[in-house]
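Residue 1 is where the sequence shown starts when you use the working numbering, and the numbers rise one by one after that. Note that beta-carbon positions come from the ideal geometry of N, C-alpha and C, so glycine has one too.
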Amino acid sequence: MKTLYLDCGMGAAGDMLTAALVGLLPDPDRFIDRLNALAIPGVHTEMKKVVRSGICGTQISVTVHGIEEGNEEKAPHPHGHREHHVHHDDQHGHEHHHSGMEKIKGIITGLDLPANVQADVLSVYSLIAEAESHAHGVPVSQIHFHEVGTMDAIADITAVCLLMDELKPDQVVTSPIHVGSGHVRCAHGILPVPAPATAHILKGVPIYGGEIKGELCTPTGAALLKHFTDHFGAMPMLATEAIGYGMGKREFETVNCVRALFGEGGA
C-alpha cells in the first residue's frame, strides 16, 4: 500500500506541512499555480528552495494583501508563523476585523475545490474552532479569528487537503509530535506550550516536549495531523519513492523541518 510517513520531530505548522508534501510532487510549481488560481481572497503563495543544516528543502510563504503573517508583529513563535489570534465578541458584538466561522465557511465553500477536498478543509477548520471554543470557554459562534491569520490558515489547510488528494496515500503514519516547551505569547497573554487549543486538538495523540523553548506545533499543524493521520508511531517498513523537507522560518541547532516520506509498504 502507498504510505505517507510524517516525521514531526520539530513539530508542525501549516506552511511546513504544505512544503513537505509539495516536495513529494514531480512538478511542485504546477501545484503552486493551481493553489494561487483558487483566488483565496487576498492570498498569494510562493515556494522557494532553502538549505538548512546542509539539507535542501522547500519553504512556503503565504501573504495576505501583501503581508506575511508573523511580520506584522515583532515576536513570532519559533516557526515564524503565529497562525491564529483568537478573540471573542466584545459586549457590543463587534468583530474588529475578525472572521467568525460562518464567514470562514462561506469563503471555503466559495472555492473551486473537489467536494471531498472541501469537506476535508471544513473538517480541519472545525477542529480548530472547537478547540479554541473549548480553550476560551465560549461558543464557537463567538469565536473570531484575526483576518491575516484566518486567510493564512485557510491557504495552508486548503493546500494540505489538496496535496493529500493528489498523493492519495492508502495510509498516513505520523511520528510522536514534538510540541516544544516553555511559554508562548498570544493575544490573551503568555500561555504554556502547547497552547491550550493545540493541547485540546492533540488529546489522545503521543506528544512530547524538549529543550527547545517555544511553540513548535501550531493549532493548524495539530488539526491537519489529527484529521489525516491513521496511526501515530515509529516509521513503518517503507520502500521510499519520494522525500520532502518542509522548512520552518527559524534556524535551530536541529534542522527545523517536517520530513515527509512516501512509498510502498507500511502494512
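query	result
Residue from Thr-3, Met-1, Met-10 whose Cα sits closest to the Cα of Gly-209	Met-10
Inter-residue Cα distance where the pair is Ser-123 and Ile-55	34 angstroms
His-79, DSSP secondary structure in three states	Its pLDDT being 45, under 50, His-79 is placed unreliably by the model, and the measurement read from it follows with that caveat. Correct three-state label for His-79: coil.
Cα-Cα separation, Asp-152 to Ala-239	34 angstroms
Straight-line gap, Glu-46 to Gly-233 (C-alpha atoms, nearest Å)	32 angstroms
Rounded separation between Pro-114 and Leu-24 - CA only	21 angstroms
Pairwise C-alpha distance: Lys-168 and Thr-63	28 angstroms
Spatial neighbours of His-227 in its chain, beta-carbon cut-off 8 angstroms, leaving aside the 5 residues before and after	Asp-120, Ser-123, Val-124, Leu-127
Reference Gly-314; option with closest CA among Ala-135, Val-179, Met-1, Thr-220	Residue 314 cannot be examined here, being either before or after the span of the chain that is shown, 1 to 267.
Residue(s) in a DSSP beta bridge with Asp-7	Arg-259
Closest residue to Ala-197 among Val-255, Ile-143, Leu-17 (Cα-Cα distance)	Ile-143
Distance, Ser-53 Cα to Ser-141 Cα	44 angstroms
Own chain partners of Ala-159 with C-beta closer than 6 angstroms, once the 5 adjacent residues on each side are dropped	Thr-18, Leu-35
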